[in-house]
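Enquirer: Quick note, the sequences are listed as chains P and R, same order. Position 140 of the first sequence, counting from 1, maps to 146 under the numbering used here, and the rest follow consecutively. Position 27 of the second sequence, counting from 1, maps to 564 under the numbering used here, and the rest follow consecutively. Positions of the beta carbon are idealized from the N, C-alpha and C atoms, including for glycine. Predicted model only: the values in this text are computed from it and were never measured.
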Amino acid sequence: MSFDIDVEGRRGDFELVVAFQAGAGLTALFGPSGAGKTSVLDMIAGVLKPTRGRIAVDGHVLFDSTAGINLKPEQRRVGYIFQDARLFPHISVRDNLLYGYKRLPDAVRYAVPDHIIALLGIGALLERRPGSLSGGEQQRVAIGRAILVSPRLLLMDEPLASLDDSRKQEIMPYIERLRDDVKIPILYVTHARAEVERLAAVVIGIEKGRVSKAGDAA
Amino acid sequence: MFDLSPAEWEAVRLSLKVGLWSTLLSLPPGFFLAYVLARLQFPFKSLLSGLVYLPLVLPPVVTGFALLLLFGTRGPIGHFLQNFGIVFAFRWTGAALAAAVMGLPLMVRAMRLSIEAVDRRLELAARTLGAGWWRAFFTITLPLSLPGVIAGAVLSFAKSFGEFGATITFVSNIPGETQTLPIAIYSFLQSPGGEDAAIRLAILSVAVSMIAIVGSEWLERRIVSRVRLA
């Protein structure tokens, strides 16, 4: 279980050249805002196309500019948790959670809804609409929705940044439990040192679109 | 007062038929145009948008005249379609076509605004959850833009139901075939002693328009509350 990234890309004037590898467990992508962290996640998810490079997860090539491979987002099996939860407002929490799970072939399913719902403590919310949930609850549902597509890699883009301190403390244990429960690599973008220290085993530092350091979190 | 003569009923029935058909038939191209204008960037986009909105500002008689030149029996499109048995000139189908063209800008405008209001990041989220473009469209984009789709359809129907200028120019004033409600009102006003009939039909057209607007607001509110709230 590992992933391997070596990409170049640009967004407007901003130029990004990033290469690193990471294994199972939680890897923090750490750096100031505007460093290009979210662009890296977007490239892995298939939302932003690199100008050159290669992205492979667990031996599966998602993007390879020399081989002409560029899988669509829906073909990548990469879970993406956004800073804002981005729950679908017109369907219930249950339907949000099962949106990706429903259409997944049995053969690739490893995440079990009942287990994930219990793990994230969202069993009481299932019939509600996303609009009636607190920010912390919404983010827990978003985490459940992404993990229920049984991804090979989980991307988390500052999932705590839009929450106040007490909410952060509320979500943190769930992310720890998830990290220890699922065997897939998690790439966690943040600019908060406290989150890195608490959650990450490995840190990749990013500054101005370049990898500034890579190593153990401690 | 409200005993409508057979001729008056005929006009009401015809207007309803024209309104329904023109709305139904303009829904697919209307939504397609709205989506293209809301979401895609391409050369000459403002030209396309101008063409769609043109009937809104053009004198209706000019729109009707253009339809006559294009879709009349000797017009290039009308002549071609005649080979397939499709005739617009001086038929109720022509009235429906004129109504559709006149209603299209209102329909496209309402739909375009509601499609633009759908957060594209929700569609991207759906894609990362394994949904292809079509599934994301049918499960996210379409339901979230539904209030605008309904508003657009109702506006188009109300416009079609009462369209006058382009219709009378294109398909003339033939009782039972192209004499829709507003054209019948006009005809009654032109003939001595026709005021009573004209008033009856005028009240009826106010009633139909009110029902359409109130009904669509009710429907919209129901959908909006389903879409946005708990």
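Can you find the residues in the same chain that come closer than 7 angstroms, C-beta to C-beta, to glutamate 660 of chain R, ignoring five residues on each side of it along the sequence?
Expert: Ala673, Ile677, Thr678
Enquirer: Name the two residues that bound the continuous beta strand (DSSP E) containing arginine 135 of chain P.
Expert: First-last for arginine 135 of chain P: undefined, no H or E at that position.
Enquirer: Taking DSSP as the reference, what is the three-state secondary structure of isoleucine 750 of chain R?
Expert: helix
Enquirer: What does the alpha-carbon distance come out to for the pair phenylalanine 9 of chain P and tyrosine 105 of chain P?
Expert: Phenylalanine 9 of chain P and tyrosine 105 of chain P: Cα-Cα distance of roughly 26 angstroms.
Enquirer: Is it right to say alanine 632 of chain R is buried, meaning 16 or more other beta carbons lie within 10 angstroms of its own, or is it exposed?
Expert: buried
Enquirer: Thinking C-alpha only, which one of P/Ser45, P/Arg115, P/Asp170, P/Gly129 is nearest glycine 15 of chain P?
Expert: P/Ser45
Enquirer: Would you say glycine 669 of chain R faces chain P, with C-beta separation under 8 angstroms as the test?
Expert: yes
Enquirer: Does any C-beta atom of chain R lie closer than 8 angstroms to the C-beta of proline 119 of chain P?
Expert: no
Enquirer: What do you get for glutamate 182 of chain P, buried or exposed, if any count of 16 or more other CB atoms within 10 angstroms of its CB means buried?
Expert: exposed
Enquirer: Would serine 742 of chain R and glycine 699 of chain R qualify as a contact pair, given that the criterion is a beta-carbon distance under 8 angstroms?
Expert: yes
Enquirer: Could you tell me if valine 686 of chain R is buried or exposed, where buried requires 16 or more neighbouring beta carbons within 10 angstroms of its beta carbon?
Expert: buried
Enquirer: Check whether the Cβ of leucine 766 of chain R lies closer than 8 angstroms to any Cβ atom in chain P.
Expert: No answer about leucine 766 of chain R holds up, because its pLDDT of 47 lies below 50 and its placement is not dependable.
Enquirer: Which residue's Cα is closest to the Cα of isoleucine 153 of chain P: P/Pro165, P/Met178, P/Tyr116?
Expert: P/Tyr116
Enquirer: Where are the alpha helix (DSSP H) runs, 4 residues long or more, that stay fully inside the region 684 to 744 of chain R, in chain order?
Expert: 702 to 708, 718 to 727
Enquirer: Can you give me the Cβ contacts of leucine 766 of chain R inside the same chain, cut-off strictly under 8 angstroms, excluding the 5 residues immediately before and after it?
Expert: Low per-residue confidence applies at leucine 766 of chain R: pLDDT is 47, beneath 50, and the placement is therefore not dependable, though the value from the model is reported in the following sentence. Nothing listed; no residue qualifies.
Enquirer: Answer yes or no: does any C-beta atom of chain R fall closer than 8 angstroms to that of arginine 146 of chain P?
Expert: no
Enquirer: Go through its chain and collect everything with a Cβ distance to lysine 228 of chain P's Cβ below 7 angstroms, but skip five positions before and after it.
Expert: There is no way to answer for residue 228 of chain P, as the model of chain P reaches only from 7 to 224.
Enquirer: I'd like to know whether the C-beta of arginine 759 of chain R is nearer than 8 angstroms to at least one C-beta of chain P.
Expert: Cβ-Cβ to chain P under 8 angstroms: no for arginine 759 of chain R.
Enquirer: Between the beta-carbon of glycine 713 of chain R and the beta-carbon of glutamate 547 of chain R, is there less than 8 angstroms?
Expert: yes
Enquirer: Glutamine 175 of chain P: buried (16+ other C-beta within 10 angstroms of its C-beta) or exposed?
Expert: exposed
Enquirer: I'd like the list of long-range same chain contacts for arginine 664 of chain R, defined as Cβ closer than 7 angstroms, with 5 residues on each side in sequence excluded.
Expert: Ala673
Enquirer: Of all the CB atoms in chain P, is at least one closer than 8 angstroms to the CB of leucine 679 of chain R?
Expert: For leucine 679 of chain R, the answer is no, since every Cβ of chain P falls outside 8 angstroms of its Cβ.
Enquirer: Let's see if you can read the secondary structure: which residues bound the beta strand (DSSP E) around lysine 219 of chain P?
Expert: 216 to 222
Enquirer: Report all residues from its chain with a CB closer than 7 angstroms to the CB of threonine 196 of chain P; omit the five preceding and five following residues, and keep chain order.
Expert: Ala34, Phe36, Glu164, Val202
Enquirer: Quick one, are the C-beta atoms of isoleucine 722 of chain R and alanine 695 of chain R less than 8 angstroms apart?
Expert: The Cβ-Cβ distance between isoleucine 722 of chain R and alanine 695 of chain R does not fall below 8 angstroms.
Enquirer: Starting from valine 84 of chain P, find everything on chain R with Cβ-Cβ shorter than 8 angstroms and list it in chain order.
Expert: Thr665
Enquirer: Given lysine 214 of chain P, which residues of its chain have a CB within under 7 angstroms of its CB, disregarding the five upstream and five downstream residues?
Expert: Ala41
Enquirer: Would you mind reading off the limits of the alpha helix (DSSP H) that contains glutamate 545 of chain R?
Expert: Note, glutamate 545 of chain R: alpha helix (DSSP H), 543 to 576.
Enquirer: For leucine 184 of chain P versus arginine 151 of chain P, is the C-beta distance shorter than 8 angstroms?
Expert: no
Enquirer: How about alanine 113 of chain P: is its C-beta nearer than 8 angstroms to some C-beta of chain R?
Expert: no
Enquirer: Going along chain P, which residues have a C-beta under 9 angstroms from arginine 658 of chain R?
Expert: Phe88, Asp90, Arg92
Enquirer: Are the beta-carbon atoms of proline 597 of chain R and methionine 639 of chain R separated by less than 8 angstroms?
Expert: yes
Enquirer: Identify every residue that forms a DSSP beta bridge with proline 191 of chain P.
Expert: P/Gly31
Enquirer: By the three-class DSSP mapping on this structure, what secondary structure does leucine 766 of chain R have?
Expert: Bear in mind that the predicted position of leucine 766 of chain R carries a pLDDT of just 47, short of 50, making it too unreliable to give a figure here.
Enquirer: What is the rounded straight-line gap between the Cα of histidine 616 of chain R and the Cα of threonine 72 of chain P?
Expert: Computed Cα separation, rounded: 54 angstroms.
Enquirer: Mark aspartate 733 of chain R as exposed unless 16 or more other C-beta atoms lie within 10 angstroms of its C-beta, in which case mark it buried.
Expert: exposed
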